[in-house]
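With the working numbering, the residue at position 54 of the sequence shown is 84, and numbering never jumps.
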Amino acid sequence: MQHGATAGLYLYKINEWVAIITAGVSTYDYDGTLSLGNSSAAYASSNDYLFYTNTTDATQKEMFIDASTMTRIDVPSDSTVSFNAHITARSNNDLSCGYIIKGLVNNNSGTLAFVNPLVE
C-alpha cells in the first residue's frame with residue numbers, strides 16, 4: 031500500500047511506486063504480471079489474463095492469450111499452477127450465465143494433470 035498526497039491505487043514495481051489509478055482513472059498500463067525473486071530466478075509469480083472470444087453457434091472454442099499467435103498459458107515442467115477463472119457469457123437472445131472455476135494443475139516431467147476435481 032502506498033501512502034501519499036495523491037489518492038489512488040499504486041503498485042510497487044522495479045524499485046518504485048507506480049500509480050495505476052488516480053482520481054478514478056487508469057494512469058498505468060499494468061501488464062498483469064507480478065514476480066517475486068532475485069535477478070536470476072523468480073520464486074513465485076502471479077499473472078492476470080483477460081481472454082475474449084465470440085462464436086455464432088454452440089460450438090466450443092478455445093481461447094488464447096494472443097489469438098493471432100494462438101499462445102497458451104505455459105505451465106513449466108515440474109511446476110504447479112493454481113487458477114481462478116471468472117467466466118461470463120451472453121447469447122444474442124438475452125440469455126446470460128456466469129461461472130467461477132478454481133483449480134490446480136501439475137506438470138510432472140511434461141505430463142499435465144488436474145489435481146483433484148475442479149471446484150465450481
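Glycine residues also receive a C-beta, built at the ideal position from the N, C-alpha and C atoms.
Three-state secondary structure (DSSP) at residue i?
| i | result |
| --- | --- |
| residue 132 | strand |
| residue 59 | Any reading at residue 59 must be qualified, since the residue scores a pLDDT of 49, below 50, and its modelled position is unreliable; the value itself is stated next. Residue 59: coil per DSSP, three-state reduction. |
| residue 94 | coil |
| residue 137 | strand |
| residue 144 | strand |
| residue 83 | coil |
| residue 126 | strand |
I believe residue i touches residue j by the beta-carbon criterion, under 8 Å. Please report the beta-carbon distance rounded to the nearest angstrom.
| i | j | result |
| --- | --- | --- |
| residue 107 | residue 139 | 6 Å |
| residue 133 | residue 118 | Contact flag wrong, Cβ pair sits at about 18 Å. |
| residue 130 | residue 146 | Wrong, their Cβ atoms sit about 17 Å apart, outside the cutoff. |
| residue 77 | residue 105 | So it is not a contact: roughly 12 Å between Cβ atoms. |
Find out if the Cβ-Cβ distance for the pair residue i, residue j is shorter than 8 Å.
| i | j | result |
| --- | --- | --- |
| residue 94 | residue 101 | yes |
| residue 99 | residue 91 | no |
| residue 135 | residue 142 | yes |
By a C-beta neighbour count over all protein chains shown, 10 Å radius and 16 as the cutoff for buried, is residue i buried or exposed?
| i | result |
| --- | --- |
| residue 55 | Unreliable placement is indicated for residue 55, whose pLDDT of 48 sits below 50; no coordinate value is reported for it. |
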